[in-house]
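Presented below is the structure to which this report refers.
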Amino acid sequence: MAATSLARCCSRIYYNCKCASSSQNHQTNENRNLVNKRRSSKPVRLILRNRSKKLNDPSLTRALRDFAESGLMEDALHLFDEMNKADVFVWNVMIKGFTTCGLYHEALGFYLRMVLFTGIKADSFTYPFVIKSAAGASSLLEGKTIHATVIKLGFDSDVYVSNSLISFYMKLGCEWDAEKVFDEMPERDIVSWNSMVSGFLAVGDGLRSLALFKEMIKCGFEPDRFSIMSVLGACSRVECLRVGKEIHCYAIRSGIEAGDDVMVLTSVLDMYSRFGEVSYAERVFNGMIIRNVVAWNVMVGCYARNGRVVDAFLCFQKMEKELQPDVITLINLLPACEILEGRTIHGYAARRGFLPHVVLESALIDMYGESGKVKSAKVVFDRMGEKNLVSWNSMIAAYVQNGENYSALELFRELWDKDSSLVPDSTTIASILPAYAESLSLREGRQLHGYIVKARYDVSNTIILNSLVHMYAMCGDLEDARKRFDQVVFKDVVSWNSIIMAYAVHGFGSVSVRLFSEMITSGVSPNKSTFASLLAACSISGMIDEGWQHFNSMKREYGIDPGIEHYVYMLDLIGRTGNLSSATRFIEEMPFVPTARIWGSLLKASRNHNDITVAEFAAEQVLKMEHDNTGCYVLLLNMYSEAGRWDDVNRIKLLMKSQGVSRTTNRSIVETKGRAHVFTNGDRSHVETNKIYQVLDIVLGMIEEEEEGKEEDSYVHCVSKMRPETLLKENSNSYRRHSVRLATCLGLISTETGRTVLVRNNTRICRRCHEFLEKTSKVTRREIIVGDSKIFHHFSNGCCSCGNYW
DNA sequence: TTAGGGTTAG
1 MAATSLARCC SRIYYNCKCA SSSQNHQTNE NRNLVNKRRS SKPVRLILRN
51 RSKKLNDPSL TRALRDFAES GLMEDALHLF DEMNKADVFV WNVMIKGFTT
101 CGLYHEALGF YLRMVLFTGI KADSFTYPFV IKSAAGASSL LEGKTIHATV
151 IKLGFDSDVY VSNSLISFYM KLGCEWDAEK VFDEMPERDI VSWNSMVSGF
201 LAVGDGLRSL ALFKEMIKCG FEPDRFSIMS VLGACSRVEC LRVGKEIHCY
251 AIRSGIEAGD DVMVLTSVLD MYSRFGEVSY AERVFNGMII RNVVAWNVMV
301 GCYARNGRVV DAFLCFQKME KELQPDVITL INLLPACEIL EGRTIHGYAA
351 RRGFLPHVVL ESALIDMYGE SGKVKSAKVV FDRMGEKNLV SWNSMIAAYV
401 QNGENYSALE LFRELWDKDS SLVPDSTTIA SILPAYAESL SLREGRQLHG
451 YIVKARYDVS NTIILNSLVH MYAMCGDLED ARKRFDQVVF KDVVSWNSII
501 MAYAVHGFGS VSVRLFSEMI TSGVSPNKST FASLLAACSI SGMIDEGWQH
551 FNSMKREYGI DPGIEHYVYM LDLIGRTGNL SSATRFIEEM PFVPTARIWG
601 SLLKASRNHN DITVAEFAAE QVLKMEHDNT GCYVLLLNMY SEAGRWDDVN
651 RIKLLMKSQG VSRTTNRSIV ETKGRAHVFT NGDRSHVETN KIYQVLDIVL
701 GMIEEEEEGK EEDSYVHCVS KMRPETLLKE NSNSYRRHSV RLATCLGLIS
751 TETGRTVLVR NNTRICRRCH EFLEKTSKVT RREIIVGDSK IFHHFSNGCC
801 SCGNYW
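Residue 454 in full-length UniProt numbering sits at position 454 of the first sequence, and the numbers go up by one each step.
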């Protein structure tokens with residue numbers, strides 16, 4: 001009796017503690033209210049009045065079980081207090097009741113009080129509930145302590161207990177511990193296998209989930225509805241539609257997929273939705289006899305995630321006629337929203353009382369971020385009462401997406417320094433790494449990589465490694481990018497896309513194409529981004545035949561419709577051939593309205609082939625869409641200037657002035673001995689200016705010597721063909737002091753002989769500097785890598801990887 | 001009379 005009173009007392013303390021700490025836990029609040037409402041119910045008083053005088057009245061136990069099973073834990077507690085002698089069965093009923101209600105701390109409290117104060121021994125029925133509560137409370141320490149007790153008492157051979165432990169470890173992200181439990185089980189049942197299949201999926205390892213499923217079948221286990229639900233998720237994760245369809249067929253043949261099994265059907269629906277198979281999804285949804293809010297949510301989400309905005313909203317309206325949408329409906333609808341619809345959803349959520357809600361608010365931040373409304377995203381972020389790691393990640397990503405790298409880095413540092421339980425995770429790292437890639441600083445990128453290793457992030461994590469591949473490649477270090485790629489154990493489509501793009505922007509298109517073949521051989525299916533990377537590779541490296549071959553295979557072999565981004569790369573490719581009329585026809589015949597990027601591509605081609613007429617036409621189209629496109633004005637200026645059309649030069653200058661457009665200041669950065677040195681054209685602010693200019697003169701002298709004796713100097717030839725006005729302009733020799741040359745010279749004298757010099761430039765390199773860099777690489781016998789605003793040029797022994805087309 | 005695995009969300 002004393003023990004039961006103590007338990008009740010402790011339970012109250014737990015309630016109070018929970019009340020104080022659970023303001024952020026909606027679910028727990030609901031349960032607390034449920035308990036409080038039933039504090040002194042009539043049925044309890046009636047049962048107590050009619051109870052027998054026997055010690056263990058079975059009717060009381062039955063009533064207790066009924067209350068617990070109905071979630072009426074306050075009534076259950078009343079009865080529990082009045083019972084003469086609670087045995088392990090009664091305690092288990094109470095622990096189960098708390099666990100089912102999500103009152104995990106109360107369940108753990110009851111267990112502790114039972115074993116510590118009553119002398120009653122927990123049995124094999126107790127532990128599955130207790131372990132589930134430890135998982136629910138996300139308490140790894142308590143769970144591990146319980147695991148130790150389980151081993152001590154010999155319950156680890158119990159299949160129910162072990163299965164609970166697998167789920168516990170998987171839920172807390174400890175897949176190695178779960179695997180150890182699984183491996184050491186003397187016997188396994190279908191639940192053990194299902195727990196592993198769903199567990200690996202929960203920790204994000206779809207490949208292992210799928211592998212376990214296959215192994216399960218090999219071991220002679222027939223998949224049940226739980227297996228099907230888990231493995232379909234794994235198929236989506238590893239992007240394996242073929243296996244997903246096979247499993248769907250199996251589910252139909254075996255009768256698992258029945259028209260009234262809403263959960264299995266929803267899993268199937270969800271799988272098709274994630275693969276973009278909207279018509280399959282519609283067929284499944286229309287065949288459902290029962291549709292609950294989850295099924296509707298998945299269908300709304302299916303339209304939203306697949307760009308069927310109108311259908312998503314129509315589905316939402318139909319849903320409203322049958323049942324009440326919930327907060328998840330809105331979360332699913334948001335990705336389909338442009339800013340106007342997004343704001344409407346935001347208002348709807350506020351009116352319906354769905355806010356504050358941490359997931360919905362984070363989805364709103366995503367929506368505002370993707371719509372380019374960073375300020376609105378920040379307003380939502382700042383007003384959030386509760387912020388979790390995902391909220392921070394969303395805000396950081398919103399900054400990065402909109403090029404506000406400085407703010408992203410600030411926020412990231414704030415999160416890093418924050419004195420809280422929030423620790424940046426792999427998504428944070430993956431979100432912030434592009435900011436480092438964009439900041440052009442290999443040094444800072446390396447520092448973050450150092451942090452990642454030092455802070456003991458899982459260095460085999462695919463998401464982190466993929467981001468590192470991207471960061472190193474974009475910061476100019478292709479070698480390190482490749483090392484990170486080789487480290488990825490489970491290479492997903494993003495891993496392959498990242499490395500294909502890495503080699504593409506560095507001008508090694510043939511390597512990209514080879515990697516694409518390896519990707520296909522490894523069984524990873526390409527997606528739209530893969531082809532964007534692949535076509536970029538063919539375009540940058542001038543691989544015309546391969547480009548066409550891959551472009552044509554997209555739909556035919558892989559069922560992927562080319563998007564506007566693929567047309568852009570193809571246009572670049574056609575542009576290289578110099579056949580501008582063919583390029584223009586390609587634009588006219590493509591199934592999209594041409595964008596500024598498309599016209600920009602034609603403009604670049606016309607510049608490279610000196611066709612001012614086409615250039616003027618293309619520039620006009622660009623400026624109709626983007627009147628402040630600096631690159632477009634500058635390109636025209638240079639073309640007119642080179643042709644000596646000074647009236648046109650002045651006209652463009654006036655136009656730029658009237659539009660408030662000014663030329664981007666040319667900046668080049670070289671990093672030496674842990675410091676970044678920034679140069680502008682003609683810069684004389686560096687402490688070693690004199691030395692830099694002396695080196696520049698020496699290099700120019702070496703180039704001239706190298707050129708002597710040649711029948712015809714290409715540069716002299718080029719100058720001799722210029723008009724007198726152009727020649728006058730060139731004689732000023734201002735290009736000789738362009739920032740990229742100054743940065744390169746500092747790089748040459750600050751790095752060891754034989755080491756590569758890496759320079760980053762914020763604009764396109766001019767022709768003369770390109771020629772200078774080619775020759776410098778020859779006379780100094782050094783590899784020089786220069787990243788401009790689009791690609792990396794690898795200068796070596798007088799040649800550039802771009803093949804003189806950029 | 002009590003047990004384990006299950007569908008949608010950033």
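The beta-carbon is built from N, C-alpha and C at its ideal position, and this holds for glycine as well.
Neighbour-count burial assignment, residue i, 16 or more Cβ in a 10 Å radius
i              : result
leucine 534    : buried
proline 223    : buried
serine 658     : exposed
valine 264     : buried
valine 593     : exposed
methionine 1   : Any reading at methionine 1 needs caution, since the residue's pLDDT is 36, under 50, leaving its predicted position unreliable; the model's value is listed next. Looking at its Cβ environment, which holds fewer than 16 other Cβ atoms inside 10 Å, methionine 1 is exposed.
isoleucine 151 : exposed
leucine 314    : exposed
glycine 803    : exposed
threonine 613  : exposed
isoleucine 166 : buried
arginine 723   : For arginine 723, the predicted model reports a pLDDT of 39, less than 50, meaning its position is unreliable; a value from the coordinates is still stated below. Label assigned to arginine 723: exposed.
isoleucine 318 : According to the sequence as given, residue 318 is lysine; it is not isoleucine. Lysine 318 comes out exposed.
isoleucine 142 : Residue identity differs from the one stated: residue 142 is glutamate in this sequence, not isoleucine. By the neighbour-count rule (16 or more Cβ atoms within 10 Å), glutamate 142 is buried.
tryptophan 392 : buried
arginine 32    : Here arginine 32 scores only 41 on pLDDT, less than 50, and its place in the model is too uncertain to base an answer on.
isoleucine 290 : exposed
tryptophan 599 : buried
glycine 220    : exposed
threonine 753  : exposed
serine 279     : exposed
tryptophan 296 : buried
tryptophan 176 : exposed
Whole-Å CB distance - residue i paired with residue j, under 8 Å assumed
i              : j              : result
histidine 506  : leucine 478    : 5 Å
leucine 60     : leucine 79     : 6 Å
cysteine 475   : leucine 442    : 4 Å
serine 138     : asparagine 163 : Actually they do not touch by this definition, with Cβ atoms about 19 Å apart.
asparagine 608 : tyrosine 805   : 6 Å
isoleucine 247 : cysteine 235   : 7 Å
leucine 422    : leucine 468    : Their Cβ separation, rounded to whole angstroms, is 22 Å, which puts leucine 422 and leucine 468 out of contact at 8 Å.
Candidates the options: closest to residue i by CA position
i              : options                        : result
asparagine 797 : Gly476, Ser198, Ile791, Ser777 : Ser777
arginine 663   : Val670, Leu654, Ile669         : Leu654
serine 739     : Gly701, Asn681, Pro424, Val757 : Asn681
threonine 780  : Asn804, Asn638, Leu700         : Leu700
tyrosine 503   : Val524, Val488, Ser539, Lys491 : Ser539
residue 823    : Asp480, Ile190, Val191, Met170 : Since the displayed the chain opens at 1 and closes at 806, residue 823 lies outside it and no answer follows.
alanine 455    : Ala437, Arg645, Ser426         : Ser426
glutamate 707  : Arg645, Val695, Phe772, Cys745 : Phe772
alanine 134    : Leu108, Lys121, Met94          : Leu108
glycine 276    : Ala258, Met656, Glu257, Tyr303 : Tyr303
asparagine 251 : Thr577, Arg225, Arg242         : According to the sequence as given, residue 251 is alanine; it is not asparagine. Checked all of Thr577, Arg225, Arg242; the closest Cα to alanine 251 is Arg225.
tyrosine 451   : Glu438, Ala473, Thr428         : Thr428
threonine 126  : Ser279, Ala437, Val88          : Val88
tyrosine 160   : Gly136, Ile339, Phe129, Leu140 : Phe129
glycine 747    : Tyr735, Val678, Ser801, Glu705 : Val678
valine 358     : Asn332, Val284, Ser371, Asn388 : Asn388
valine 284     : Val309, Lys245, Gly307, Arg308 : Lys245
asparagine 527 : Gly542, Cys745, His566         : His566
lysine 373     : Tyr399, Arg764, Gly385, Lys673 : Tyr399
Per DSSP, the bridge partner or partners of residue i
i             : result
threonine 680 : Arg667
serine 796    : Cys799
valine 243    : DSSP, once it has assigned bridges, lists no residue as partnering valine 243.
valine 757    : Ile784
threonine 672 : Arg675
Mind listing, in chain order, the continuous alpha helix (DSSP H) runs of no fewer than 4 residues lying wholly within the region 559–633? 564–577, 580–589, 596–608, 612–625
Continuous alpha helix (DSSP H) assignments of at least 4 residues falling wholly in the region 185–265: Runs found: 190–202, 206–218, 225–237, 241–253.
For a minimum of 4 consecutive residues, which ranges assigned as the alpha helix (DSSP H) are wholly contained in the region 157–184? Runs found: 159–171, 175–184.
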